[in-house]
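Asker: Quick one: structure below, then a few questions.
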Amino acid sequence: MRFCYFLLMLALFAPGPKASAEQSLTYPRPARQDSTIIDYPQALLKGALSAAGLPYKLQASSESLVQSRALKQLEDDQGIDVVWTMTSIEREKNLLPVRIPIYKGLYGWRLLLIKPQSQSLLEEVSDLSGLARLPLLQGRGWPDTHVLLANGLRVYGTPHIEGLFDMLQHDRGVAFPRSVLEIWREQDYYQHDLVVEKHLVLYYPTAMYFFFRKSDQKLATGVTSGLLRMQESGEFDRLFTLYHQHAVDKAGLAQRKVLSLWNPLLPQATPLEQERFWYRP
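Residues -21 to -1, 1 to 260, numbered by mature numbering (1 follows the signal peptide of the UniProt record, and there is no 0), are exactly what the sequence shown covers, in order.
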């Protein structure tokens, strides 16, 4: 009898399992060790998880991964739980997108990274047919590459981003189109070897989303809810401005010649009609 009473007391007063114990959410470690590449999406994702009351902590994968491998590991549940990347019909078929563009579509606004002596060549370009005469560089397997090729442009590349900068420096291409949000830090890194072309900007509609596995519907729904709450509270715009306004201002998009491209990879479900999701120069 005493023994039963003792067991009852243990059951009543023993600490129970933590209902809100944090789980790990692993994202792919980028090939380039540049914190600016992951600081903003991490801050946004952490904010969304917190706003939705989801007890997750973010951690990088043990090794750096190129984009194609990261997406495959996410789909196959091999150590990657979330990837932020540009959408496409194929990616939305294989994975579960949170259809809120985390960069407000600015990855579809592309400036050209060039060698200084190439500026005179680009000043003669006024339309896509003129640009098509010049070889461009882009990552092999990237959605951007398919967009450029679909618009009749000449494209060469490699899966590894560092190799693309090497190709540009060794004249294996005239220009490397880069988002207005990433080109400035890359130009700063290369100093006088590479510069940002002065008067053109390529534009095609696209979105960069958080992607999850198809089986993680509850997690994706929570992140969607969290991001919408951040938009309503102004926290989304605060983070975007903090991390990106300087680059946007520096680009001077309204003063550039816009070359508009068709994006054949853009899924029909892309919320282009939701003005609050997009940056408009």
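From the three backbone atoms N, C-alpha and C, an ideal C-beta is built for every residue, glycine too.
What you are looking at is a predicted structure, and each value in this text was computed from that prediction instead of being measured.
Quick test of your reading: Y222 and D18, contact by CB under 8 Å. State the CB separation rounded to the nearest angstrom.
Answerer: 7 Å
Asker: Do you know offhand how far F191's Cα is from G120's?
Answerer: 20 Å
Asker: Which residues in the same chain as A30 place their Cβ atom closer than 7 Å to its Cβ, once the five residues preceding and following it in sequence are excluded?
Answerer: G205, R208, M209
Asker: Run through the DSSP bridge pairs and tell me what T64 is partnered with.
Answerer: Y188
Asker: Kindly indicate which three-state DSSP category Q170 falls into: helix, strand or coil?
Answerer: coil
Asker: Assign Q38 to buried or exposed, taking buried as 16 or more other Cβ atoms, counted over all protein chains shown, within 10 Å of its Cβ.
Answerer: exposed
Asker: If you reduce the DSSP assignment to three classes, tell me which class N242 lands in.
Answerer: coil
Asker: Leaving out five residues before and five after L(-10) in sequence, what residues of the same chain have Cβ atoms less than 7 Å from its Cβ?
Answerer: Because L(-10) carries a pLDDT of 36, less than 50, the predicted location of this residue cannot be relied on, and no value is offered for it.
Asker: Quick check: what's the CA-CA separation for L143 versus Y86?
Answerer: 18 Å
Asker: Between L244 and P122, is the Cβ-Cβ spacing less than 8 Å?
Answerer: Taking 8 Å as the cut-off, the Cβ atoms of L244 and P122 count as close.
Asker: Enumerate, from N- to C-terminal direction, the unbroken alpha helix (DSSP H) stretches of 4 or more residues contained entirely within the region 118 to 174.
Answerer: Segments of the alpha helix (DSSP H) lying fully in the region 118 to 174: 122 to 129, 140 to 148, 162 to 169.
Asker: Just to check my reading of the structure: L4 and K36 have Cβ atoms closer than 8 Å, yes? What is that Cβ distance to the nearest angstrom?
Answerer: 7 Å
Asker: Between the Cα of V202 and those of A10, Q253, L23, R70, spot the shortest distance and give me the residue it belongs to.
Answerer: L23
Asker: Of the choices E254, P7, L147, whose alpha-carbon is the least far from that of G136?
Answerer: L147
Asker: In whole angstroms, what separates the C-alpha of Y169 from that of R235?
Answerer: Near 23 Å, if we compare the C-alpha coordinates of R235 and Y169.
Asker: DSSP beta-bridge partners for I93?
Answerer: A154, V174
Asker: Give every residue of the same chain whose Cβ lies closer than 8 Å to the Cβ of G109, excluding the five residues on either side of it in the sequence, and list them in chain order.
Answerer: E103
Asker: Counting only the same chain and skipping the five closest in sequence on each side, list residues whose C-beta sits under 8 Å from that of F(-19).
Answerer: Bear in mind that the predicted position of F(-19) carries a pLDDT of just 40, short of 50, making it unreliable; the figure below should be weighed with that in mind. For F(-19), same chain residues with a beta-carbon under 8 Å away, outside a window of 5 residues either side, do not exist.
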